[in-house]
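Add 463 to a position in the sequence shown, counting from 1, and you land on the number used in my numbering.
First the structure, in the form of structure tokens, and then the observations on it.
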Amino acid sequence: MDTEELRERFLVEDLFSDGEVHLLYSHQDRVILGGAVPTDGPLTLPVPAELRAQNFCDRRELGIVNVGQDAVVTVDGTEYAIKNKGCLYVGRGAGEITFAAPGRFYLYSAPAHASYPTTLVQPGEGDKRELGEQATSNKRTLNRYIHPDGIRSCQISMGVTELAEGSMWNTMPAHTHDRRMEAYLYFDVADDARVVHLMGEPEETRHLIVANEQAIISPSWSIHSGVGTRAYSFVWAMAGENQDFDDMDHRTITQLR
Numbered sequence: 464m465d466t467e468e469l470r471e472r473f474l475v476e477d478l479f480s481d482g483e484v485h486l487l488y489s490h491q492d493r494v495i496l497g498g499a500v501p502t503d504g505p506l507t508l509p510v511p512a513e514l515r516a517q518n519f520c521d522r523r524e525l526g527i528v529n530v531g532q533d534a535v536v537t538v539d540g541t542e543y544a545i546k547n548k549g550c551l552y553v554g555r556g557a558g559e560i561t562f563a564a565p566g567r568f569y570l571y572s573a574p575a576h577a578s579y580p581t582t583l584v585q586p587g588e589g590d591k592r593e594l595g596e597q598a599t600s601n602k603r604t605l606n607r608y609i610h611p612d613g614i615r616s617c618q619i620s621m622g623v624t625e626l627a628e629g630s631m632w633n634t635m636p637a638h639t640h641d642r643r644m645e646a647y648l649y650f651d652v653a654d655d656a657r658v659v660h661l662m663g664e665p666e667e668t669r670h671l672i673v674a675n676e677q678a679i680i681s682p683s684w685s686i687h688s689g690v691g692t693r694a695y696s697f698v699w700a701m702a703g704e705n706q707d708f709d710d711m712d713h714r715t716i717t718q719l720r
């Protein structure tokens, strides 16, 4: 594939538009990526025709991360005030879901076979891990929100990673996990900055140049790592065979081609 074909198949450039909800259905583990940007009034989560369902969560679960200002999501009449970088899990069986300004909400959904309660976790309240070193330009804080020892779900794992000032690398050494697909949403990327996202098979890598609030669909066979021109944040979310965060097949930088 050339650059244009790679971007068409693996990069989502237009998730966020003022006053709209955008949804993308992927056949990678049948996940849905979305962005909701309420402006003049609340936005209701629509039901894509592909689902053949009355409500979005009739057979699905949903993870929501607020990448904008503190704002409210309402699920079946219950309001959840989500801070910037906070996460709301919505379980299977939920009905109406609405989003209020001034939030900018990133959505990640996967099929679900059981119901777990809708649960809110604010930034810093998840499983917080300090990773990397300044010497290798990858000092970062990882917050796991949806995972087996935190917010319970059927198959979604989800969290937010923030790079420290002066650090630019994420997820190095790179890895694959054949049991799960993963999606990255890069945000807090300055207008004049970009992230070089590495993807592809470890023995034949490719790259994509990614701007703010753009998402990457990473198949299970692909590495997923990146380096920015300055510090940034990203939402990572996975779905598939298992939820074991440490189930990875690592590749050192000397093994990549």
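We put the CB at the ideal spot given by N, CA and C, even for glycine.
Bear in mind the structure is a predicted one, so any value in this text is a computation, not a measurement.
If you run the structure through DSSP and keep just helix, strand and coil, what is E645?
For the purposes of this step, residue 645 is taken as residue 182 along the sequence shown, with counting starting at 1. Of the three classes helix, strand and coil, the one that applies to E645 here is strand, per DSSP.
Would you call the stretch 534-541 and the stretch 553-567 touching, i.e. three or more CB-CB distances under 8 Å?
Taking 8 Å as the limit for Cβ pairs, the verdict is that the stretch 553-567 does touch the stretch 534-541.
Is it the case that the Cβ atoms of L671 and H687 are separated by a distance below 7 Å?
The residue given as residue 671 occupies position 208 in the sequence shown. The residue given as residue 687 occupies position 224 in the sequence shown. Not in contact: L671 and H687 (Cβ atoms no closer than 7 Å).
Roughly how many angstroms separate the alpha carbons of P580 and Y552, rounded to a whole number?
Mapped onto the sequence shown, residue 580 falls at position 117. Mapped onto the sequence shown, residue 552 falls at position 89. One C-alpha to the other measures close to 8 Å.
Kindly indicate the opening and closing residues of the beta strand (DSSP E) around E483.
Looking up residue 483 in the sequence shown gives position 20. Unbroken beta strand (DSSP E) run through E483: E483 to Y488.
With R669 as the anchor, note down where its beta strand (DSSP E) starts and where it stops.
Here residue 669 refers to the residue found at position 206 of the sequence shown. Start and end: E667 to V673.
Who are F697's beta bridge partners in DSSP?
Within the sequence shown, residue 697 is the residue found at index 234, counting from 1. Paired residue(s): T624 and Y649.
What residue range does the alpha helix (DSSP H) around E468 cover?
Counting from 1 along the sequence shown, the entry for residue 468 is found at position 5. Residues T466 to F473.
Do F650 and E676 come within 7 Å of each other at the CB atom, strictly closer than that value?
Working through the sequence shown from its first residue, we reach residue 676 at position 213. Working through the sequence shown from its first residue, we reach residue 650 at position 187. In contact: E676 and F650 (Cβ atoms closer than 7 Å).
Touch check for the stretch 635-652 and the stretch 604-616: three-plus C-beta pairs under 8 Å?
Touching, no.
So, for R493: in the same chain, excluding its five sequence neighbours on each side, which residues have a beta-carbon less than 6 Å away from its beta-carbon?
Position 30 of the sequence shown holds residue 493. Closer than 6 Å at the Cβ level, and outside the excluded window around R493, lie P574.
Ordered along the chain, which non-local residues of its own chain (more than five positions away) have a Cβ less than 7 Å from that of L728?
The structure shown has nothing for residue 728, since the chain only spans 464 to 720.
Rounded to the nearest angstrom, how far is the Cβ of R643 from that of E704, given a contact under 8 Å?
Counting from one through the sequence shown, the residue named residue 643 turns up at place 180. Counting from one through the sequence shown, the residue named residue 704 turns up at place 241. With 8 Å as the limit, R643 and E704 qualify as a contact, their Cβ atoms being about 6 Å apart.
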